[in-house]
Amino acid sequence: MRSFAFYILTLFLIPIIGRGQQTAQYTQFYVNNFGYNPAFAGATGCIDFTFGGKYQWMGFEGAPRDMFVSVHGSKVQKYHTNKGRWGFGGYIEQDRIHLTTRNIFKGAVAYHKRLFGRTNGAAGLFFGLEQYAVDDVFGNFNADPVLVSAAGANLLYPEFMPGVLLYNNRWYMGVSVNQVYPHDTKLGGGEHKLRNHYYFTYSHNSFVNDWIIKKSLFVKFARLAPVVADANISWEYRKKFTFGLGYRLGEAAMANIMFKLFGNMKIGYAFDFPLNKIKNTYSYSHEIMIRFSKCPDDIGGAPRGKVNKVACPSF
Numbered sequence: 008m009r010s011f012a013f014y015i016l017t018l019f020l021i022p023i024i025g026r027g028q029q030t031a032q033y034t035q036f037y038v039n040n041f042g043y044n045p046a047f048a049g050a051t052g053c054i055d056f057t058f059g060g061k062y063q064w065m066g067f068e069g070a071p072r073d074m075f076v077s078v079h080g081s082k083v084q085k086y087h088t089n090k091g092r093w094g095f096g097g098y099i100e101q102d103r104i105h106l107t108t109r110n111i112f113k114g115a116v117a118y119h120k121r122l123f124g125r126t127n128g129a130a131g132l133f134f135g136l137e138q139y140a141v142d143d144v145f146g147n148f149n150a151d152p153v154l155v156s157a158a159g160a161n162l163l164y165p166e167f168m169p170g171v172l173l174y175n176n177r178w179y180m181g182v183s184v185n186q187v188y189p190h191d192t193k194l195g196g197g198e199h200k201l202r203n204h205y206y207f208t209y210s211h212n213s214f215v216n217d218w219i220i221k222k223s224l225f226v227k228f229a230r231l232a233p234v235v236a237d238a239n240i241s242w243e244y245r246k247k248f249t250f251g252l253g254y255r256l257g258e259a260a261m262a263n264i265m266f267k268l269f270g271n272m273k274i275g276y277a278f279d280f281p282l283n284k285i286k287n288t289y290s291y292s293h294e295i296m297i298r299f300s301k302c303p304d305d306i307g308g309a310p311r312g313k314v315n316k317v318a319c320p321s322f
């Protein structure tokens, strides 16, 4: 029964792919900032590796699954230097829901420059390929022309994503545009364009003794689609343990925790509790992210073991 339900869901999703939100949404967006904005590449001046996975509608076969892996960095350099520096990185993502799979492979380049005081500016660009595929499991006897047309499709498109960023050791603000290159999937025999998605991110850190209070906001919007807005507040103790709460506008309440392990590694978990009309036992979402960073605890000038005021508060 659940499998049948997802066949129906896939039939519904194929015709509307060009009209809704078409990109993955992560609860811990503040951990995956690089995936949403290429200007974050090299923001810390050291190597940063992140892996993440989101599992939605637990209990259903073929439920949505999003996974990514990223790495970026640049030459180690204090953030208040007058000299500009280059950042580089790579990002791979898979977004799958039952019969459909979207794979993204892209590289990033960014340039960082001090603008005034201790505030830096950065501009970056993602460039790569996006693959969109539909499984061919219906055979030649399916009567639905939409599924017959889409089944077995394997489409490849160029991917470009520019972004800009302002940041210092307490706050950052970024804007980026995904799917800049317009293309039509033509799935189901109709016109189904992949549209521009606009991302806005903002975060501010407050330092209170051994604690960092992080307030973060992520907004995503696309033409003919509802605005997605996530807000989160997290409390981090001595860069070792973090817990927080979040809210997705009209959709879900979230909770998150993160632990520091083995010196340079952090592992985080987030849970989404739905607030919309589809709320049921199987509509919960679980998300795990693992980050490995070569940044020393005192990169921002704070004594080792104390609160780290690094170049960009995203890290």
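Take the sequence shown: its letters are residues 8 to 322, numbered as in my numbering. Idealized CB from N, CA, C, for every residue including glycine.
query, result
"Please work out which residues of its chain come closer than 7 Å, Cβ to Cβ, to K222, disregarding the five sequence neighbours upstream and downstream, and give them in chain order.", "S210, H211 and I240"
"Straight-line CA distance for P45 to V187?", "13 Å"
"Please state whether the Cβ-Cβ distance between Y43 and Y206 is less than 7 Å.", "yes"
"How big is the Cα-Cα spacing for W218 and I295?", "23 Å"
"If Q35 and A277 are in contact, beta carbons under 8 Å, what's the gap, nearest whole angstrom?", "5 Å"
"Among the residues of its own chain, which have a CB less than 6 Å from the CB of R245, if the five just before and after it don't count?", "D217"
"Per DSSP, what kind of secondary structure is Y254 in: helix, strand or coil?", "strand"
"What does the Cβ neighbour count give for C302, buried or exposed, with the cut at 16 atoms within 10 Å?", "buried"
"In the DSSP assignment, what are the bridge partners of G131?", "A117 and G170"
"Is Y98 closer than 7 Å to K137 when the C-beta atoms are compared?", "Residue identity differs from the one stated: residue 137 is Glu in this sequence, not Lys. Against a cut-off of 7 Å, the Cβ pair of Y98 and E137 comes out as no contact."
"By alpha-carbon positions, which one of V226, E166, T208 and V215 ends up nearest to L201?", "E166"
"Spell out the partners DSSP gives I264 in its beta bridges.", "F250 and Y276"
"Does G124 come out as helix, strand or coil in the three-state DSSP assignment?", "coil"
"Please report the straight-line C-alpha distance between N203 and F269, rounded to a whole angstrom.", "40 Å"
"In the structure shown, what three-state DSSP assignment does P165 receive?", "strand"
"Determine the DSSP secondary structure at A140, reduced to helix, strand or coil.", "strand"
"Which term fits S290, buried or exposed, when burial requires 16 or more other beta carbons within 10 angstroms of its beta carbon?", "buried"
"Can you name the residues that DSSP bridges to D102?", "D73 and R109"
"Rounded to whole angstroms, what's the CA-CA distance from P169 to F134? Just pull it up for me.", "9 Å"
"Please state if the CB of Y174 and the CB of G127 are separated by a distance shorter than 7 Å.", "Here the sequence assigns Asn to residue 127, which means Gly is not the residue at that position. Contact: yes."
"Rounding to the nearest angstrom, what Cα-Cα distance links F58 and L231 in this structure?", "31 Å"
"State the start and end residues of the unbroken alpha helix (DSSP H) segment that holds Y43.", "N40 to Y43"
"Tell me the residue span of the beta strand (DSSP E) that contains T57.", "D55 to Q63"
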